[in-house]
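Numbering (my numbering), first residue to last: 43 to 605. No residue lacks a Cβ here, since even glycine has one placed at the ideal position from N, Cα and C.
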Amino acid sequence: MSTVEDKVERVTGVALKRGLFWPSFEIYGGVAGLYDIGPVGVRIKNRIVKLWRDIVIRENDDLVMEVETPIITPEAVLKASGHVDHFTDPVVECMQCHRVFRADHLVEEKLKINAEGLAVNELTQIISTNKIKCPYCDGELGPVTTFNLLFKTIIGPYSGSTGYMRPETAQGIFTSFKRVFESSRESLPLGIAQIGRVGRNEISPRQNLIRMRDFTIMELEFFFDTSQKRNIPWERVEKVKIKVLDLDMKRQGEKPNEYKPHELATSGKVLDEWMAYWMGVSQKFVEKLGIKNSYFEEKSPEERAHYSKQTFDLMVDINGTSVEISGIAYRGDYDLSAHMNATGKDLTVFKRYDTPKTIKKDIILIDKSKLIKAFGERGKSIIEKLSRMTKDELEGIVLSRKAVDDVIIAEYAIINQTEEKVSGERIVPHVIEPSFGVERCFYLSLINSFRIKENRNILSLPPEIAPFDLAVFPLLERQPLIDKSKELVRLVKDSGYEVFYDESGSIGKRYARADEIGIPLAITVDPQTLDDNTVTIRNRDTWEQVRVHVNNILMTLGELLHG
RNA sequence: GCGGCCGUCGUCUAGCCUGGACUAGGACGUCAGCCUUCCAAGCUGAUGAUCCCGGGUUCAAAUCCCGGCGGCCGCACCA
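Structure below.
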């Protein structure tokens, strides 16, 4: 048995036993891809979310703010965003061996034609007229059907309208972009973050919390003006180093290269400098989860989502297997433009010039009285025709000296030159999206920090994401020690620490339990405490103890947990 | 959907092939008590399983047969 499998097995065992996570709806047999997070798990998960908020939002609070939008999303929104169409894969099943294939991919492969975007019946037609057979068993293929990864529902009673569970929180951000923009600083760059649940009806969810059907996502949509000077706070990612494997390197089988974010920005490997910044921030976050072996891997055009111009997945290496913990996508103006097209609403941003530009403009006026004098009733009908034209059409007719009803309009036009002041222009911001799956962070942190020491399970979580900051134990179940311990619990709780208290069972058992859920420190009150007011502090990873006077306990905890 | 493997106390499992003394055994856990001056210690007791569900064969089914449900792994798919 490999160590990875062994580890995963032990971690899932601990998860069940200690309340980290387990399959949902177990008493009904369970449903693949749905998981409950237990009491200890929720503590860890909440701290991971807090860590993300700290690093992505709080440290960038001059750039980023957070919103919350609904899970239920009307069909029109996801139609516009491309999810209704692109989340639906055309599939075809072999009637003989029952293998399922992507119908469009199969057609493209066999006929060397572009089959993308073809309708289901078109694909069925192509497959039957070209007698395409199952590539595995040469069996007859059935009709092309679709598989949609969106969870569908109905909004409202009666027939209602179709709705979907959001597959990403991003669309709620795009659709509310204008409001957030207007209600805040009305300037770019602007990051809008959202943490929330999403649903994706995966064909086959696997690997515990790695591929779920209903999970929590932490996303940032970072809006910026491509023509504006980038003013990037590199000092916030100064200490970060990121490993990058781009497409070329991947094709040539090379190893990832290491960069500082600002170096990557000018390396030509990223579509925009901001990409490098947010990759740096993401890297910082992953390291805070205690994960050291991570690198960014560029996705090929086929692998990318429909909205993405460039995507880097943040891969985490756990005992030799790479798992995607995050993706950073350059979405361009895809989403805002799509929603503008669909709704006709203006989602552009007015970009003010530093100094207003003056533009010389020709204003064309038609001398209507001259026309009527020259042609009478015919002139009136010409005027009517001209008035129906747009400015541009009229300009074209005048400048190219074209005739309307055999009259050269230019001869009856007056061209006035005027100056117009333009103080800015309307642009559609571009978007960079770093997004993290919370449960993946949670799960990978667990696997990553899991150790076995003397056949005991230890979760060496970084203190920041541990479920409790410390445990307090009376060494023995004696009233004076219990009283003193509870006093101590009060003291540290009042200082804001999360404390785990336990008095039953042998001390060794309690230490073991604390280690297993990753509590970094354990304070033990022993008989000596009653004499000299000192306690021992035990380290989860080394099992070493130091004796500290209770008066110094808060200071010592501060050093041990944050120092 | 397909293929392989699997489904017994909270957990891990014995038993299944070869049906009967299985009233389903153990270990761990949990709880209570005793003991205990620092690492899952010891002792005592308690707790806990309609053997995944339904049907069939049989005098008799956890065990054999059929169907279903669910899980894991692989395939395909995957933001």
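Residue of the options minimising C-alpha distance to residue i
i           : options            : result
residue 122 : 216, 132, 436, 557 : 216
residue 76  : 326, 241, 334, 475 : 241
residue 413 : 326, 406, 421      : 421
residue 463 : 365, 423, 398      : 398
residue 501 : 374, 455, 456, 331 : 331
residue 293 : 281, 342, 595      : 342
residue 124 : 545, 531, 373      : 373
residue 93  : 327, 282, 434      : 327
residue 583 : 574, 592, 560, 566 : 560
residue 617 : 66, 112, 88        : Nothing about residue 617 can be read from this structure; the chain reaches only from 43 to 605.
residue 162 : 185, 170, 176, 508 : 185
residue 247 : 117, 526, 72, 363  : 72
residue 574 : 97, 360, 592       : 592
residue 29  : 278, 533, 538, 307 : Here the chain comprises residues numbered 43 to 605, so residue 29 is not present and cannot be evaluated.
residue 56  : 128, 492, 567, 423 : 492
residue 20  : 236, 298, 366      : Because the chain in this structure spans residues 43 to 605, residue 20 falls outside the shown range and cannot be described.
residue 147 : 306, 605, 169      : 169
residue 458 : 444, 440, 450      : 440
For residue i, the residue or residues it bridges with in DSSP
i           : result
residue 233 : 106, 264
residue 205 : 116, 195
residue 417 : Bridge partners of residue 417: none, in fact.
residue 125 : DSSP, once it has assigned bridges, lists no residue as partnering residue 125.
residue 301 : 284
residue 352 : 372
residue 337 : 357
residue 366 : 357
residue 393 : 467
residue 136 : 183
residue 239 : 258
residue 587 : 580
residue 475 : 371
residue 492 : 501
residue 63  : 79
residue 449 : 446
residue 144 : 133
residue 217 : According to DSSP, which records beta bridges pairwise, residue 217 is partnered with nothing at all.
residue 406 : 457
residue 57  : Residue 57 pairs with nothing; no bridge assigned.
Beta-carbon contacts of residue i that lie in its chain and below 7 Å, excluding the five residues immediately before and after
i           : result
residue 250 : 54, 485
residue 590 : 576, 577, 579, 598
residue 465 : 394, 395, 398
residue 585 : none
residue 61  : 80, 81, 82, 83
residue 601 : none
residue 535 : 541
residue 298 : 285, 286, 287, 337
residue 128 : 348
Close-in-space but distant-in-sequence residues of the same chain around residue i (CB under 8 Å, 5 per side omitted)
i           : result
residue 498 : 554, 557, 558
residue 427 : 446, 447
residue 470 : 375, 378, 379, 382, 389, 390, 391
residue 113 : 207, 208, 238, 239, 240, 241
residue 283 : 300, 301, 302, 325
residue 66  : 72, 73, 76, 77, 78
Close-in-space but distant-in-sequence residues of the same chain around residue i (CB under 6 Å, 5 per side omitted)
i           : result
residue 505 : 562, 603
residue 376 : 349
residue 43  : Summary for residue 43: the model assigns pLDDT 36, below 50, so the residue's position carries little reliability; its value from the coordinates is reported in the next sentence. For residue 43, where only same-chain residues beyond five positions count, there are no Cβ hits under 6 Å.
residue 269 : none
residue 478 : 260, 368
residue 594 : none
residue 152 : 174
residue 58  : 64
residue 467 : 393
residue 384 : 122
residue 410 : 425
Contact between the stretch 511–524 and the stretch 474–488 (3+ Cβ pairs under 8 Å): No: the two stretches stay apart, fewer than three of their Cβ pairs being nearer than 8 Å.
Pair every Cβ in the stretch 468–486 with every Cβ in the stretch 317–328, then say whether three or more of these pairs are closer than 8 Å. The stretch 468–486 is in contact with the stretch 317–328.
Check whether the stretch 210–224 touches the stretch 260–278, counting contact only when three or more Cβ pairs, one atom from each stretch, lie closer than 8 Å. Judged by Cβ distances under 8 Å, the stretch 210–224 makes contact with the stretch 260–278, as three or more pairs qualify.
Given 8 Å as the limit, is there contact between the stretch 333–350 and the stretch 278–294, that is, 3 or more CB pairs closer than that? Under the Cβ criterion (8 Å, minimum of three pairs), the stretch 333–350 counts as touching the stretch 278–294.
Enumerated in chain order, which unbroken segments of the beta strand (DSSP E) with a length of 3 residues or greater are wholly contained in the stretch 496–558? Runs of the beta strand (DSSP E) inside the stretch 496–558: 498–501, 512–516, 541–543.
Say whether the stretch 219–238 touches the stretch 99–106, bearing in mind that this needs 3 or more beta-carbon pairs closer than 8 Å, one atom from each stretch. Inter-segment contact for the stretch 219–238 and the stretch 99–106 is present: three or more beta-carbon pairs are separated by less than 8 Å.
Can you check the stretch 69–105 for any alpha helix (DSSP H) of at least 4 residues that lies completely inside it and give the ranges in chain order? Taken in chain order, the complete alpha helix (DSSP H) segments of 4 or more residues contained in the stretch 69–105 are 81–94.
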